[in-house]
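Encoded as structure tokens, the structure appears first; notes follow it.
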Amino acid sequence: MRSKYLKKYIAFFIALAFFVGSIVPATAEAVLSNEVHYVALGDSLAAGQSPYQEIDTGYTDLIASYFEEQQLLGSYTNQFAVPGYTSQNVLDDLLNNREVAGTKIQDAIRNATLITITVGANDILREANVNFETGTITVDQKKVVQTLAKQKENLSRLFQTIKRLNPDAAVYISGYYQAFPYLAKEQLAELDSIFQALNGTIQLTATENNVHFVPLEGIFDYDVTTYLPNQTDIHPSIEGYEQIANAFITSFQTKPMITFEDVPESYWAYSDISLLVNQQILNGISDTHFGIHMPITRAETAEALLKLIPFDQSIPEDPGFADVSESDDAYYAIAKLTQAGVFNQAERFYPDAPLTRAQMAKVLTVTFNLQEDDEASATFNDVSASHWAHPYVDALVSSNITTGYPDHTFRPDTETTRSQFAAFLVRSYYHLGQQR
């Protein structure tokens, strides 16, 4: 049985995988158009370990060969990738400027145009006891959750250090495939959940740091025996490594999905708007404009929250609003969130009315279960202790989602702009992940 800790952690990251799955930082398209200086970091997969404990041709070698065939390869090394490496090992190498064959890792990073990373599975596998003879695995699930939290910290520092050394390099990190398909069936459900949480941790941390994520989940399902031929080893065959290399190369070729004329990359809410629009959680007001200064409506708010947060699929009760009919596009979202207590029961809903900042504070606090903290609260000139929205505004401040305006106001009755809502929504969602 899964522990309650792991259940909560998994539930968040399964939802998150949908949320951030296809967001692509803008540097991706440059990888295939310029001379490539390629550095591969990570564990045994990056090093090219075979199913029979030998270092052979791996996915990083195949990626390098691909660029060589395109006459784009300037240089390539995977000499810093080491079997058994954890996220802590890779981070330590970078911070300590490890030297291999006369080259220091920081110099290699500075000269790179492309960096790929595969690391994280060994963090988890150190908490597991695998018995291939009996087809069983035992895992301390509470330690897994603690390990994933530490892994997230390590990866954040790793990405930030790489970006500091070389802000122009395109950086990619992969997730993992199910490495134990031959274990007893009753073990697989639990293992699948653990790998989902692992991949979710890597994906979330990559997205937060503008790093490309390459999913590998399910990549070997078509022909497990060909791709993972040794039932007592987790490493792929050359055919398996070809699948991984192809996943990376496909990611190199992927371009950003949606852009708006009024949301340049320099805009303060660019990443938040891109994230939500590319996952169809928010839409622009037209094909070319997001409407950054326009207010978001109460109906649009309900629809965005429903798309982002996983609710059960049951039919909600009719909320009874006089101005919301079952034929309205936002009816289901409004009914579902009213039933969940995000919106209040009332005679009218006012679906086309702008969402005020006070109302935004309330719906985000209730949706994401944000908590007040007396020590972290802030005093706004226009939100007194008796104001109905005071506890909700205080929860936003306590959760580091807002600090208000420079004049020490929150402006609770002001309309929430679409940009503000996008930023506050993403911050609230990430805050939820940080509490897991």
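Residues -28 to -1, 1 to 408, numbered by mature numbering (1 follows the signal peptide of the UniProt record, and there is no 0), are exactly what the sequence shown covers, in order. Just so it is clear, CB atoms sit at the ideal spot from N, CA and C, and this is done for glycine as well. This one's a predicted model, so the numbers in the text were calculated from it and none came from an experiment.
What is the residue span of the alpha helix (DSSP H) that Val117 lies within? 113 to 137
Using three-state DSSP, classify residue 410 as helix, strand or coil. For the chain, the structure presents residues -28 to 408; residue 410 sits outside this window and is missing.
Using a threshold of 8 Å, state whether the C-beta atoms of Ile264 and Asp300 are closer than that. no
When you compare only the Cα positions, how much space is there between Thr179 and Ser223? 14 Å
Count the C-beta pairs between the stretch 46 to 54 and the stretch 115 to 122 that are closer than 8 Å, then say yes if the count reaches three, no if not. no
CA nearest to the CA of Ala80, picked from Val102, Asn94, Thr49: Thr49
Please look up how many angstroms separate the CB atoms of Ala333 and Tyr377, rounded, as I've assumed it's under 8 Å. About 14 Å separates the two Cβ atoms, so there is no contact after all.
In chain order, what residues of the same chain have a beta carbon less than 7 Å from the beta carbon of Arg320, not counting five sequence neighbours either side? Phe293, Ala294, Asp295
Whole angstroms is fine: what's the gap from Phe185's alpha carbon to Glu387's? 36 Å
Segment limits, beta strand (DSSP E) that includes Thr296: Correcting the residue type first, residue 296 is Val in the shown sequence and not Thr. No beta strand (DSSP E) contains Val296, which DSSP labels as neither H nor E.
In chain order, what residues of the same chain lie with their CB nearer than 8 Å to the CB of Gln317, ignoring the 5 residues before and after it? Pro291, Gly292, Thr310
When DSSP builds the beta bridges, which residues end up paired with His184? Tyr144
Based on the DSSP output, what are the partners of His403 in its beta bridges? Looking at the DSSP assignment, His403 forms no beta bridge with any residue, so it has no partner.
DSSP-derived helix/strand/coil call for Ser243: helix
Which term fits Thr375, buried or exposed, when burial requires 16 or more other beta carbons within 10 angstroms of its beta carbon? exposed
So is Pro323 buried or exposed if we call it buried at 16+ other beta carbons inside 10 Å? buried
Alpha-carbon spacing of Arg390 relative to Pro267, whole angstroms: 6 Å
Is the separation between the beta-carbon of Leu13 and that of Val72 shorter than 8 Å? no
Does the stretch 160 to 177 come close enough to the stretch 85 to 102 that 3 or more CB-CB pairs lie under 8 Å? yes
In chain order, what residues of the same chain have a beta carbon less than 6 Å from the beta carbon of Ser246, not counting five sequence neighbours either side? none
My output table needs one value for His207: the three-state DSSP class, helix, strand or coil. coil
If Ala367 sits next to Leu342, beta carbons under 8 Å apart, how far is it from one beta carbon to the other, in whole angstroms? 4 Å
Based on Cα-Cα distance, which residue from Phe393, Tyr304, Phe352 lies nearest to Pro326? Phe393
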